[in-house]
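Trainee: Before anything else, here's the structure in question.
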Amino acid sequence: MKIKNITTTRFKAPLKTPFVTSLRRVEYLEDIIVIIECDDGSIGYGEGVPTPAITGETFESMQSAIEYIRKAIVGMDIDDFDDIISKLHNAIAKNTTAKSSVEIALYDLKAKQLKLPLYQMLGGTKEEFTTDITISLNDIDTMVQDSLKAVSLGYDALKIKLGNDIQSDIQRVVEIYKATKEYQVSLRLDANQGWSAKDSVELLQTLEYLDIELEFIEQPTIAYDLDALLYIKQRVQTPLLVDESIFNIYDVKRVLDMDCADIINIKLAKSGGISQALKIADITQEYNKKCMIGCMLEGIISINAAVAVASAKAETITYIDLDAPTLLKHYSIKTDTIYHNANIKLGKSYGLGIIDID
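Start counting the sequence shown at 0; every next residue gets the next number (numbering that gives the first Met the number 0).
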């Protein structure tokens with residue numbers, strides 16, 4: 000079962016509403032699907048979305064990196080799986096989303112070869128999950144209405160995007176809390192690096208004084224400034240989750256050695272794929288910390304892979320932020336994994352469970 004060729008195609012789908020954070024505004028999903036064909040006719044699917052503001056990748060750079068990786072691993076046998084994964088990661092530095100998209104396709108092939116769903120191949124048994132939903136950054140009334148709509152659809156965790164003005168952000172949280180308090184939903188804040196350390200402390204201490212309990216605050220300050228995270232953590236009670244500060248196992252070790260975060264956000268597009276995501280979860284467990292599995296604004300193929308990782312490391316990955324499929328108006332890719340509002344249920348098909356990409 001040798002790799003015969005690697006090709007790519009683009010996938011595009013409109014969102015139900017614009018996705019807005021302190022870093023960007025997106026109105027439709029557009030990503031790259033990777034197709035690996037083997038000499039026996041087997042097909043593996045992968046996917047990745049370029050996110051220049053976070054990973055530095057564009058469509059053009061991803062295509063170039065995937066072509067570079069293709070030349071390195073075409074002709075290799077899937078039986079030499081570990082060697083292929085090593086060759087992939089050593090072929091080119093950085094380019095984490097490009098690597099992830101190819102790696103996902105390789106894992107899809109390997110699980111199909113073993114006649115197992117991917118999550119079972121990775122050692123997972125958990126099949127059902129509940130995700131939060133993103134409340135995009137907007138005016139207060141719109142965010143309150145979006146929150147109430149999410150609650151009516153059965154979501155019990157809201158991930159609230161903030162990060163443009165500290166006083167406005169405080170008011171956003173207060174009004175959403177007041178509107179949803181009777182439903183006992185969990186509130187998760189995400190500033191996407193939009194605040195200073197002092198502003199972060201002011202906002203969180205204000206909300207704590209008002210007895211507004213938050214499940215966590217995600218990446219309040221610029222990614223490279225771990226001292227800012229430590230400053231915040233030492234002054235607030237709200238758990239601190241890091242996202243953009245974490246790409247690889249070395250980032251995780253630095254953050255946890257400094258004790259400047261409580262929760263680690265794993266994203267396949269940042270880590271370089273499934274193999275590195277599993278390692279991040281294992282390292283986090285060694286420090287007796289927990290993880291969230293998150294995603295970029297991406298499609299079914301890569302989200303299926305992320306759910307498989309969540310199943311494999313269910314004891315450590317206790318927060319799920321995989322709402323991207325439910326944000327789409329429609330998508331043509333067919334899978335036996337079920338996404339229905341907050342609920343995700345893995346299917347039993349071999350590999351990723353992708354039935355059709357047309």
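C-beta atoms are modelled at their ideal positions from N, C-alpha and C, and glycine is treated no differently.
Distance, Cα to Cα, K114 vs Y182?
Mentor: Cα to Cα, the separation comes out at about 43 angstroms.
Trainee: If contact is defined by three or more beta carbon pairs under 8 angstroms, each pair taking one atom from either stretch, is the region 266 to 276 in contact with the region 212 to 222?
Mentor: Flag = no, the region 212 to 222 and the region 266 to 276 do not touch.
Trainee: Please classify S21 as buried or exposed, where buried requires at least 16 other C-beta atoms within 10 Å of its C-beta.
Mentor: Its Cβ being crowded by 16 or more others within 10 Å, S21 is buried.
Trainee: Return the chain-ordered ranges of every beta strand (DSSP E) run that is complete within the region 140 to 219 and spans a minimum of 3 residues.
Mentor: Fully enclosed beta strand (DSSP E) runs of 3 or longer: 156 to 160, 185 to 189 and 215 to 217.
Trainee: Applying the 10 Å Cβ sphere with the 16-neighbour rule, what's the burial state of N191?
Mentor: The residue in question, N191, is buried, as its Cβ has 16 or more Cβ neighbours within 10 Å.
Trainee: Which of helix, strand or coil does DSSP assign to I53?
Mentor: Residue state, collapsed to three classes: coil.
Trainee: Among residues of its own chain, excluding the 5 on either side of F128, which ones have a beta-carbon nearer than 7 angstroms to its beta-carbon?
Mentor: Within the same chain, F128 has close Cβ partners V306, A309, I319 and I343.
Trainee: Is DSSP giving D258 helix, strand or coil here?
Mentor: The answer is coil: DSSP assigns D258 none of H, G, I, E or B.
Trainee: Check this for me: beta carbons of M295 and I316, under 9 angstroms apart or not?
Mentor: Cβ atoms of M295 and I316: not closer than 9 angstroms.
Trainee: Unbroken beta strand (DSSP E) runs of length 3 or more, entirely within the region 71 to 134: which are they?
Mentor: The region 71 to 134 contains these whole beta strand (DSSP E) runs: 127 to 129 and 132 to 134.
Trainee: Among A260, F58, Q233 and D39, which one has its Cα closest to the Cα of E243?
Mentor: When only C-alpha atoms are compared, the closest one is A260.
Trainee: Which of the three DSSP states, helix, strand or coil, is assigned to Y330?
Mentor: Y330 falls in the coil class under three-state DSSP.
Trainee: Using DSSP bridges, identify the partner residues of F18.
Mentor: For F18, which the question treats as bridged, DSSP gives the partners V25.
Trainee: Between N94 and S85, what straight-line distance do the alpha-carbon atoms span, to the nearest angstrom?
Mentor: C-alpha separation (whole angstroms): 15 angstroms.
Trainee: Tell me whether L152 is buried or exposed, calling it buried when 16 or more other Cβ atoms sit within 10 Å of its Cβ.
Mentor: Exposed, since its Cβ has fewer than 16 Cβ neighbours within 10 Å.
Trainee: Out of W194, P324 and D335, point me to the one whose CA is closest to L28's CA.
Mentor: Checked all of W194, P324 and D335; the closest Cα to L28 is P324.
Trainee: L136 by DSSP, collapsed to three states: which one?
Mentor: The answer is coil: DSSP assigns L136 none of H, G, I, E or B.
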